[in-house]
Amino acid sequence: MGGKVDSSINKGNAPYIFKLSGQNYHSMGSLLPTPGSRPKFCQLYIYDTENEISNRSTSIGGPTSASTSTSISYDLQIIEFLKVMLDSNNVLVKSYRMVAALIVGDISDSVEKRDIVVQTSSGLLQRISELHPSYLALQYPLLFPYGDDGYRVDILHRGITSSSNSKRPTCTMREFFAYRIQDRDQSFSLLLNAKRLFQQFLVDGYTMIESERLFFIRKQQKILRCESYEKLRNHQALGSTDISNVGQRVILPSSFTGGARYMMQNYLDAMSLCKWFGYPDFFITFTCNPKWPEVQRFLKDTPLHPEDRPDILCRLFKIKLDAFIKDLRKNKIFGTVQAGMYVYIHTPTISLIANFYPICIILCALVYTIEFQKRGLPHSHICLFLHADCKLPTVEYIDPYISAEIPNINEDPELYSLVREFMIHGPCGAENFNCPCMVDRKCSKNFPKQFCNHTSVDSNGFPLYRRRNDGNVVGKSGVQLDNRNVVPYNKYLLKRYQAHINVEWCNQGSSIKYLFKYINKGPDRATFAMVQNNNDSDNNDAVDEIKEYYDCRYISACEASWRIFKYDVHYRYPAVIRLPFHLPGQQVIYEADDDIEDVLDRPSVASSMFTSWMKCNEINVEARKLTYVEFPTKFVWKPKLLIWKPREVGYSIGRIHPVSPKLGEAYFLRILLNKVKGPKSFEEIRTVNGEICSSFKDACYNLGLLDDDKEYIDAIKEASLSRSGYYLRFLFATMLLSNSLSKPESVWENTWEYLSDGILYTQQQRLKSPALSLNEDQIKNLTLFEIEQILLRNNTSLKNYRRMPYPDDDSVSSSNNRLITEELDYDIPNLKNEFDRLFVSLTDEQRNIFLDIMTTVKDNKGGVFFIYGYGGTGKTFLWKTISAAIRSEGEIVLNVASSGIASLLLTGGRTAHSRFIIPINLNEDSYCRINPDSDLANLVRKTSLIIWDEAPMVH
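All the letters of the sequence shown, read from the start, carry residue numbers 1 to 955 under full-length UniProt numbering.
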């Protein structure tokens with residue numbers, strides 16, 4: 001295996017987790033080691049076989065020879081036993097010792113056939129083909145001691161013969177691995193009892209599956225083409241018959257689970273639910289509990305621990321999650337939906353939990369995604385949408401559903417025990433600075449919270465749950481914790497599922513987009529750049545989305561199990577139907593290297609979901625009562641028949657693909673599709689009061705949809721449903737740059753609240769102050785500043801637009817000043833850590849000097865300090881400490897020295913002559929040539945402290 005194992009995850013006393021990052025390569029080396037190197041891997045079977053046992057021990061960090069130590073002797077005996085066992089039973093080991101050959105595949109895509117390669121001591125690696133039946137037995141000889149065959153491409157499904165007409169008669173790699181990791185009563189599975197090696201096998205297996213899928217997609221790039229129907233007709237008119245060079249390449253489609261397009265489509269689908277049902281009411285995080293009784297019973301008579309069977313943890317969590325979702329939909333907890341009708345069903349379970357909830361709650365939609373903790377366990381993020389008639393009217397109704405308090409141990413000992421085990425955060429802070437939540441010596445989750453006698457909502461729309469100082473405490477790691485450390489939970493769900501289930505009220509628009517982007521963010525990644533020559537194109541800047549997906553994605557054993565079992569990673573109810581649309585003749589066609597005549601003659605080419613909708617309007621009266629986006633609620637699309645049919649069961653909602661205003665007519669067509677009901681043709685879509693308009697834009701004008709910049713205001717408001725604040729500000733700047741707005745100041749006044757989305761959050765993160773509050777003028781100023789930065793990059797400014805407000809000059813000029821930007825471009829968290837390390841090492845004398853200087857800087861008093869000392873007395877150390885202290889607060893320190901060598905000892909240091917433009921040859925008339933309006937002058941004005949080392953030497 002050639003992936004990067006993340007061993008840092010196993011620091012501490014927690015159970016072992018195997019975690020792999022990046023693309024997993026399977027390679028082998030030469031048969032003999034290079035001169036001077038010790039044998040390893042397959043070389044151990046060939047090289048110096050008389051000392052094979054000691055060589056194997058040395059290769060894994062063991063002793064080089066036998067010892068009188070019992071443990072060392074025991075380890076060598078194990079190695080010898082395994083060697084004899086494999087030599088006696090493993091046909092591959094026998095063959096390898098005799099032939100010393102291995103079937104391998106070249107790394108190059110140009111080599112299609114696998115070769116038998118024998119090399120002695122090249123020192124290079126060669127790619128091994130994972131499709132060879134012997135690969136798994138060679139990679140894991142201890143798991144397959146008899147050299148059993150692994151996966152191959154021609155394994156038939158049970159009951160299928162090679163002559164069958166089945167659409168897919170052979171077994172896929174995923175199906176093969178899912179079959180191999182099943183428990184069977186009639187036989188013992190060495191694989192399932194391999195503990196840590198089983199975790200590695202799972203990760204290796206899934207990366208093989210994923211690699212084959214992505215390899216297939218990559219190999220299809222030369223034949224997959226997308227082009228519009230109209231353009232193919234134009235190519236036909238020009239006499240062209242070959243379409244191999246027509247169209248755009250598709251790299252990683254949205255159908256690939258986990259890709260960037262896949263996650264974006266899920267995010268937009270979730271935002272569509274918001275458009276139909278309003279904001280979600282509850283946000284639930286449901287985490288797998290490895291101590292569930294079912295797990296304990298399953299492992300009772302085995303030497304295994306829960307972490308040794310990630311497949312069982314995933315299967316049980318899926319069962320629990322399905323029951324959890326069914327509970328939310330069918331029981332009174334959050335209601336049910338049947339065939340689009342919101343109904344309340346009384347069941348025995350309802351009566352059982354009636355004491356928990358005073359009002360009937362009806363659920364109309366939900367969304368969940370699956371993620372995996374850094375420790376590997378699966379958890380689900382769930383958003384619940386309540387029916388409009390059942391939304392919690394005031395904060396007083398939150399308490400029956402969400403509790404953030406420790407129950408009384410005498411009144412409810414079961415709930416008390418569960419809260420103590422699953423719903424207590426910490427201890428962290430002063431009691432435990434090593435807690436994972438600690439960042440800059442503060443809890444990143446802002447625990448402990450404040451005591452609160454009544455549930456309320458803060459100014460930003462976030463709930464402050466009731467946390468009374470009632471004296472109830474729990475002991476954890478020797479620390480007594482009270483209600484301030486309780487993670488909000490639901491009493492019924494916690495008792496029923498006995499796991500960490502965090503329940504939050506979230507019926508506020510300010511956090512919805514961040515919430516949905518969080519649950520649809522995709523897998524964890526680390527980022528780095530990788531460049532490869534592209535022989536198929538002269539464009540070296542082309543984006544390789546497959547490589548972007550590969551780079552530094554982390555896979556743990558639980559995630560590998562989940563994906564091997566093909567469990568959902570994203571779920572939503574009701575289903576969201578994605579509705580494409582296009583201008584006349586612009587439907588997209590995906591085809592291979594076919595003749596243009598053959599493509600255009602196919603019946604399916606001239607049809608699309610959009611054009612079939614208009615055909616359905618011609619023949620169905622009920623269809624004419626619906627807009628395009630409302631259509632899936634009453635009709636269902638039949639892709640094989642290319643028709644819409646009336647819906648008989650179920651309930652779905654529609655989502656029209658978003659379109660940028662830059663696309664012109666397509667953008668105006670989308671506006672009309674949200675207004676016009678039952679059109680039978682493109683002409684009817686742009687017909688107003690019986691008159692056919694010349695364009696979709698004219699139709700929008702005639703319908704009053706574009707008066708007084710209304711279309712731009714609506715565009716920003718509509719985009720705010722699914723796009724971030726940065727995108728909205730970029731959209732507004734684009735409107736300014738295109739001179740499309742008749743009254744930019746009016747658009748600003750009507751949309752600034754949308755344009756400022758994320759401004760407060762960004763400032764809170766930048767200043768490490770979650771409680772930071774900004775008034776309306778401050779938020780407007782920061783928003784205008786961000787818009788000004790976009791305009792400045794396009795060689796214009798807000799000053800060029802009459803009546804448009806302009807941000808504070810000082811903040812804009814500072815950002816445009818390269819010198820100031822460079823002096824502020826430091827990693828503040830690292831500087832804080834450096835300052836903490838340096839400060840504790842100061843002597844008493846250095847500390848007194850430090851405090852005097854810092855007090856003057858913070859009080860903005862001004863002054864001059866002269867520090868004198870011989871070489872080696874710690875002056876440079878003091879300069880570094882002061883610099884780190886001030887820069888870690890986001891202020892500017894200029895470190896200069898009279899000599900170049902001295903300046904190199906200071907962080908960000910420069911010579912005084914260079915920094916202040918001091919003439920080299922001084923006389924009584926010399927002066928620094930700093931223009932008062934220059935960037936350097938503004939830098940000096942904003943500087944909090946100047947440290948000048950060896951200042952007397954300047955003379």
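Glycine residues also receive a C-beta, built at the ideal position from the N, C-alpha and C atoms.
Comparing alpha-carbon positions, which option in the options lies nearest residue i?
i	options	result
Tyr-801	Pro-169, Leu-819, Ala-733 and His-570	Ala-733
Glu-210	Asp-183, Asp-470, Glu-175 and Phe-865	Glu-175
Val-367	Asp-827, Tyr-571 and Ser-57	Tyr-571
Ser-695	Ile-671, Leu-143 and Arg-168	Ile-671
Asp-808	Gln-789, Glu-823, Asn-794 and Arg-793	Gln-789
Met-614	Leu-673, Ala-178 and Pro-574	Leu-673
Pro-413	Arg-467, Lys-445, Asp-389 and Asn-472	Asn-472
Ala-560	Phe-201, Arg-803, Val-91 and Thr-611	Phe-201
Tyr-140	Asp-185, Leu-92 and Arg-168	Leu-92
Glu-749	Phe-277, Lys-717 and Ser-166	Lys-717
Thr-257	Ile-853, Gly-150 and Ile-546	Ile-546
Leu-741	Cys-314, Ile-892, Lys-710 and Tyr-726	Lys-710
Tyr-754	Ser-724, Thr-762 and Leu-774	Ser-724
Phe-282	Tyr-397, Tyr-267, Gly-205 and Asp-204	Tyr-397
Trp-879	Glu-889, Val-893 and Tyr-870	Val-893
I'd like to confirm the pairing. Which residues does DSSP put opposite residue i in its beta bridges?
i	result
Gln-480	Gly-475
Ala-270	Paired residue(s): none; Ala-270 is not in a bridge.
Arg-572	Val-367
Glu-504	Phe-283
Glu-691	Val-688
Ala-897	Thr-911 and Asp-949
Use the C-beta contact count for residue i: other C-beta atoms within 10 angstroms, 16 or more gives buried, fewer gives exposed.
i	result
Ser-477	exposed
Thr-855	exposed
Ser-187	exposed
Ala-771	exposed
Ile-685	buried
Val-840	exposed
Gly-36	exposed
Ala-270	buried
His-381	buried
Phe-581	buried
For the alpha helix (DSSP H) containing residue i, name the first residue and the last one.
i	result
Phe-610	609–619
Cys-558	557–564
Asp-852	844–858
Pro-829	828–839
Ser-944	Run containing Ser-944: none in the alpha helix (DSSP H); it sits in the beta strand (DSSP E), 943–949.
Lys-638	Careful: Lys-638 lies outside any alpha helix (DSSP H), inside the beta strand (DSSP E) at 635–638.
Ser-652	That residue, Ser-652, is in no alpha helix (DSSP H); its beta strand (DSSP E) goes 652–656.
Phe-176	173–180
Ile-747	The sequence given here has Val at residue 747, not Ile. Run containing Val-747: 744–755, per the alpha helix (DSSP H) assignment.
May I have the straight-line CA-CA distance separating residue i from residue j, to the nearest angstrom?
i	j	result
Ser-720	Leu-784	17 Å
Pro-427	Gln-450	15 Å
Arg-847	Asn-483	40 Å
Leu-728	Lys-858	38 Å
Leu-232	Asp-308	Residue confidence is low: Leu-232 scores 49 on pLDDT, short of 50, so the model does not pin down where it sits. Its coordinate-derived value is still stated next. Rounded to whole angstroms, Leu-232 to Asp-308 spans 57 Å at the Cα level.
Val-104	Leu-136	Because Val-104 sits at a pLDDT of 33, beneath the cut-off of 50, its placement in the model cannot be relied upon, and the point is left open.
Lys-832	Lys-861	24 Å
Ser-681	Glu-745	38 Å
residue 958	Leu-705	With the chain covering 1 to 955 only, the question about residue 958 has no answer from this structure.
Pro-378	Phe-372	4 Å
residue 960	Ala-178	What the structure shows of the chain is the stretch from 1 to 955, and residue 960 is not part of that stretch, so it cannot be assessed.
Asn-193	His-132	25 Å
Asp-458	Glu-504	14 Å
Asp-470	Asn-453	10 Å
Identify the continuous beta strand (DSSP E) that holds residue i and give its terminal residues.
i	result
Ala-365	363–372
Ile-787	Per DSSP, Ile-787 belongs to no beta strand (DSSP E); it is in the alpha helix (DSSP H), 776–792.
Lys-645	643–646
Leu-384	378–386
State yes or no: is the beta carbon of residue i nearer than 8 Å to at least one beta carbon in chain B?
i	result
Leu-192	Any reference to chain B falls outside this structure, which holds one protein chain only.
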